[in-house]
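J.: Quick one: structure below, then a few questions.
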Amino acid sequence: MCTSAAIADRAVQRGYFATRSHATDPILCSAGLASLDVVIEDDLARRAARIEQRMKTAFHEMAHKFEIIGDVRGRGVLLGVELVTDRVRKTPANREADAIASHCLDNGLIFQVRGSHGRMNVLRFVPPMVTTDAEVERALSILHDAFSAVCEP
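Residue numbers (the numbering used here): 447 to 599.
Below is the structure:
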């Protein structure tokens, strides 16, 4: 629902309160159950573990080649690669992270650059659990090419 601030403020003053939409909606509950069935029937937890293993292995291999990789972390299909200009001090490589993300985007790989407290130096990967091996390999190839283009080995 969309409304103006004036109407929303008046509704709140009259006691309107909502914390979420579609709570206990039978259609959404049915969709949720169907989604859980797919997760179980297609063994997507095992698939997520395979994706994690392959991607982390590749990230660690890249870390041996590119000094900019300061940390590899995450679990399942939520993974992060922290970029630093100095591995000892963990100085954030914000500019390089942005350049790598741009290079990847130009070549068909989308991910987020995240951080906090002035740091925007963590490449955040969240591939779908249904990502194929070929898609994972293509993503890793694009990422490796981006590191090669932006960083000195």
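Glycine is no exception: its CB is placed at the ideal position from the N, C-alpha and C atoms.
Going by C-alpha to C-alpha distance, which of Val-596, Gly-564 and Arg-496 sits closest to Leu-525?
T.: Residue numbering aside, residue 525 sits at position 79 when the sequence shown is read from its first letter. Per the Cα distances, Arg-496.
J.: Can you tell me which of the three DSSP states Thr-531 falls into?
T.: As a working mapping, residue 531 is identified with position 85 in the sequence shown. Strand at Thr-531.
J.: Could you check how far apart the C-beta atoms of Met-508 and Ala-543 are, in whole angstroms? I think they sit under 8 Å.
T.: Position 62 of the sequence shown, counted from the start, is the residue given in the question as residue 508. Position 97 of the sequence shown, counted from the start, is the residue given in the question as residue 543. That pair is no contact at about 14 Å.
J.: Pull up the distance between the alpha-carbon of Ala-451 and that of Phe-463, whole angstroms please.
T.: Here the question's residue 451 lines up with position 5 in the sequence shown. Here the question's residue 463 lines up with position 17 in the sequence shown. Whole-angstrom Cα-Cα distance: 15 Å.
J.: Report the residue ranges of all alpha helix (DSSP H) runs contained in full by the region 533-579; include only those spanning at least 4 residues, in chain order.
T.: Counting only runs of 4 or more, we get 540-552.
J.: Whose CA, out of Ala-585, Val-576 and Gly-522, lies closest to the CA of Ser-481?
T.: Translated into the one-based positions of the sequence shown, residue 481 becomes position 35. For Ser-481, the nearest C-alpha among the options comes from Val-576.
J.: So, with DSSP's three-state summary, where would you put Ile-515?
T.: Position 69 of the sequence shown, counted from the start, is the residue given in the question as residue 515. Of the three classes helix, strand and coil, the one that applies to Ile-515 here is strand, per DSSP.
J.: Alpha helix (DSSP H) containing Met-476: first to last residue?
T.: Counted from its first residue, the sequence shown places residue 476 at position 30. Per the sequence shown, residue 476 should be read as Ser rather than Met. Looking at the DSSP string, the run of the alpha helix (DSSP H) that includes Ser-476 is 472-487.
J.: Just to confirm my understanding: we take Arg-519, look at its own chain, exclude 5 residues before and 5 after, and list those with CB closer than 6 Å. What are they?
T.: If you number the sequence shown from 1, residue 519 lands on position 73. Counting only Cβ-Cβ distances below 6 Å, and skipping sequence neighbours, we find Gly-526.
J.: Looking only at its chain, what residues have a beta carbon closer than 7 Å to the beta carbon of Asn-540, apart from the 5 residues adjacent to it on each side?
T.: For the purposes of this step, residue 540 is identified with residue 94 of the sequence shown, where counting begins at 1. Excluding positions up to five away in sequence, the list reads Arg-565, Met-566 and Asn-567.
J.: Compute the beta-carbon to beta-carbon distance between Ala-547 and Phe-557, rounded to the nearest angstrom, for a pair I have assumed lies under 8 Å.
T.: Counting from one through the sequence shown, the residue named residue 547 turns up at place 101. Counting from one through the sequence shown, the residue named residue 557 turns up at place 111. Yes, they are in contact, since the Cβ atoms of Ala-547 and Phe-557 sit about 7 Å apart, within 8 Å.
J.: Hey, Glu-487 and Val-523 are a contact pair by Cβ (cut 8 Å); roughly how many whole angstroms apart?
T.: Taking the first residue of the sequence shown as position 1, residue 487 is located at position 41. Taking the first residue of the sequence shown as position 1, residue 523 is located at position 77. Their Cβ separation, rounded to whole angstroms, is 18 Å, which puts Glu-487 and Val-523 out of contact at 8 Å.
J.: Can you give me the C-alpha to C-alpha distance between Lys-502 and Arg-535, rounded to a whole angstrom?
T.: As a first step, residue 502 must be located in the sequence shown, where it is residue number 56. As a first step, residue 535 must be located in the sequence shown, where it is residue number 89. Cα-Cα distance, rounded: 23 Å.
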